[in-house]
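This report refers to the structure that appears directly beneath it.
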Amino acid sequence: MGFVEQPAEGIAILLWASEPDAPHRLATPFFHAAAAAAMDVPVEIYFTARSVHLLVPGVAEQLRASERFDKTVLDAMREAVSHGARLLACTDALHAHGIDPQRLIPECGGHGGAVQFMARAADLRWRTLVF
Amino acid sequence: MSALHLHCPDDLHYHVEHQVWARLDGDGLATVGITALGIQLAGEIYMCRPKTVGSAVEQGRSIAVVELAKSIVSVKSPVSGSVVAVNPRLAEHPGLAHEDPYGTGWLAQLRLTDVDTDLRALVHGEAVAPAMQHHAWLHRVKQGEG
Numbered sequence: 001m002g003f004v005e006q007p008a009e010g011i012a013i014l015l016w017a018s019e020p021d022a023p024h025r026l027a028t029p030f031f032h033a034a035a036a037a038a039m040d041v042p043v044e045i046y047f048t049a050r051s052v053h054l055l056v057p058g059v060a061e062q063l064r065a066s067e068r069f070d071k072t073v074l075d076a077m078r079e080a081v082s083h084g085a086r087l088l089a090c091t092d093a094l095h096a097h098g099i100d101p102q103r104l105i106p107e108c109g110g111h112g113g114a115v116q117f118m119a120r121a122a123d124l125r126w127r128t129l130v131f
Numbered sequence: 001m002s003a004l005h006l007h008c009p010d011d012l013h014y015h016v017e018h019q020v021w022a023r024l025d026g027d028g029l030a031t032v033g034i035t036a037l038g039i040q041l042a043g044e045i046y047m048c049r050p051k052t053v054g055s056a057v058e059q060g061r062s063i064a065v066v067e068l069a070k071s072i073v074s075v076k077s078p079v080s081g082s083v084v085a086v087n088p089r090l091a092e093h094p095g096l097a098h099e100d101p102y103g104t105g106w107l108a109q110l111r112l113t114d115v116d117t118d119l120r121a122l123v124h125g126e127a128v129a130p131a132m133q134h135h136a137w138l139h140r141v142k143q144g145e146g
């Protein structure tokens, strides 16, 4: 019991097309992650492809999904984390984009890549979303 | 920000930090909701979803999720217990929480499990007004207006 009759074990969110060059798409995944986490569902957000740039200090805090929003993308990420969502960086994507895995924003909760995400996708108790 | 809604009905018990209230209904039941001040500080509510009937809830833990303008807020319960009813009108009319926070905007009704312990963390009677004023002041300071 909780917010739904039969809750999923968790929700895994893959960020693939969400990237700094398209900030208008960057509030939605974190807003949905915050909603799910606030409903007591474990949430994991996997940063892949160019989305890993959002984990570099100074990047997300310069981005807004809309000129009408006061909040930055980093604010949206922090809100999701505050509700319990975990931010996981794909090691391969970090390497591909020349990002030092040791120098990510403190909200990043660790590393997680294709195997971990697909393990969630293969688990019928979990739900997956791709942004 | 416009003048803050600091009035609180005398018969309720308040968790000031979380800006929620509980009305002891008798027979071990309590109705809970969000304070007018809490609603005002949060802003417009787009959706409010309480936990389902049968859910166990602990004081200070989530009893509802509220969707605001690009923000998600977890509403903490003022009391511990089991949800026995949720406000059926909130799903279609979340604005009720704004319009009538102590009446038709209630969130849920709980069967209490340890009301004596719960009451130690709640404010009642003459202590409510200064506690709400202090909370509003803290909020202004946090927002950089103090």
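One line per chain: the protein sequences are A and B, in this order.
Just so you know, the first sequence maps onto residues 1 to 131 in our numbering.
Just so you know, the second sequence maps onto residues 1 to 146 in our numbering.
Every residue, glycine too, gets a C-beta built ideally from N, C-alpha and C.
State yes or no: is the C-beta of residue i within less than 7 Å of the C-beta of residue j?
i: residue 89/A; j: residue 37/A; result: no
i: residue 1/A; j: residue 52/B; result: yes
i: residue 86/B; j: residue 121/B; result: no
i: residue 30/B; j: residue 110/B; result: yes
i: residue 66/B; j: residue 73/B; result: yes
i: residue 60/A; j: residue 73/A; result: yes
i: residue 17/A; j: residue 83/A; result: no
i: residue 75/B; j: residue 63/B; result: yes
i: residue 52/A; j: residue 95/A; result: no
i: residue 121/A; j: residue 128/A; result: yes
Just checking: is the beta-carbon of residue i within a distance shorter than 7 Å of some beta-carbon in chain B?
i: residue 118/A; result: no
i: residue 35/A; result: yes
i: residue 85/A; result: no
i: residue 39/A; result: yes
i: residue 69/A; result: yes
i: residue 77/A; result: no
i: residue 110/A; result: no
i: residue 10/A; result: no
i: residue 3/A; result: yes
Closest by CA to residue i, which one among the options?
i: residue 13/A; options: 102/A, 56/A, 80/A; result: 80/A
i: residue 71/B; options: 139/B, 97/B, 48/B; result: 48/B
i: residue 44/B; options: 142/B, 101/B, 126/B, 139/B; result: 101/B
i: residue 77/B; options: 13/B, 144/B, 142/B; result: 13/B
i: residue 136/A; options: 35/A, 55/A, 111/A, 30/A; result: Look at the range of chain A in this structure, 1 to 131, and you will see that residue 136/A is not part of it.
i: residue 55/A; options: 75/A, 40/A, 42/A, 39/A; result: 75/A
i: residue 44/A; options: 4/A, 23/A, 15/A, 53/A; result: 15/A
i: residue 106/B; options: 60/B, 59/B, 36/B; result: 36/B
i: residue 6/A; options: 75/B, 55/B, 115/B; result: 55/B
i: residue 11/A; options: 23/A, 51/A, 40/A; result: 40/A
i: residue 124/A; options: 4/A, 8/A, 3/A; result: 8/A
i: residue 113/B; options: 124/B, 34/B, 26/B; result: 26/B
i: residue 77/A; options: 97/A, 99/A, 46/A, 95/A; result: 46/A
i: residue 139/B; options: 42/B, 128/B, 15/B; result: 42/B
i: residue 48/A; options: 4/A, 121/A, 87/A, 23/A; result: 87/A
i: residue 61/B; options: 69/B, 81/B, 46/B, 68/B; result: 81/B
Please state whether DSSP places residue i in a helix, a strand or coil.
i: residue 128/A; result: strand
i: residue 23/A; result: helix
i: residue 78/A; result: helix
i: residue 79/B; result: coil
i: residue 28/A; result: helix
i: residue 118/A; result: helix
i: residue 66/A; result: coil
i: residue 137/B; result: helix
i: residue 61/B; result: coil
i: residue 19/B; result: coil
i: residue 120/B; result: helix
i: residue 42/A; result: coil
i: residue 196/B; result: Outside the modelled stretch of chain B, which goes from 1 to 146, sits residue 196/B, for which no answer is possible.
Using a Cβ cut-off of 7 Å (strictly closer), state whether residue i contacts chain A.
i: residue 33/B; result: no
i: residue 45/B; result: no
i: residue 104/B; result: no
i: residue 63/B; result: no
i: residue 52/B; result: yes
i: residue 74/B; result: yes
i: residue 55/B; result: yes
i: residue 70/B; result: yes
Would the C-beta of residue i count as close to the ligand GDP, meaning under 6 Å from any of its heavy atoms?
i: residue 63/A; result: Of the ligands one can find in the structure shown there are none, so the ligand GDP has no counterpart to examine.
At 8 Å on the CB atoms, spell out the chain E contacts of residue i, in chain order.
i: residue 27/A; result: This model lacks chain E altogether, as its protein chains are A and B.
Is it the case that the stretch 61-72 of chain A contacts the stretch 2-22 of chain B, given that we only count it when at least three CB pairs across the two stretches are under 8 Å?
The stretch 2-22 of chain B makes no contact with the stretch 61-72 of chain A: fewer than 3 CB pairs, one atom from each, lie closer than 8 Å.
Any chance the stretch 132-139 of chain B sits against the stretch 14-22 of chain B, with 3 or more Cβ pairs inside 8 Å?
Under the 8 Å Cβ criterion, the stretch 132-139 of chain B counts as touching the stretch 14-22 of chain B, having at least three qualifying pairs.
Would you say the stretch 97-112 of chain A touches the stretch 92-104 of chain B, given that touching needs at least three Cβ pairs under 8 Å?
No: fewer than three Cβ pairs fall under 8 Å.
Any contact of the stretch 67-74 of chain A with the stretch 116-125 of chain A, i.e. 3+ C-beta pairs under 8 Å?
At 8 Å Cβ cutoff, the stretches do not touch.
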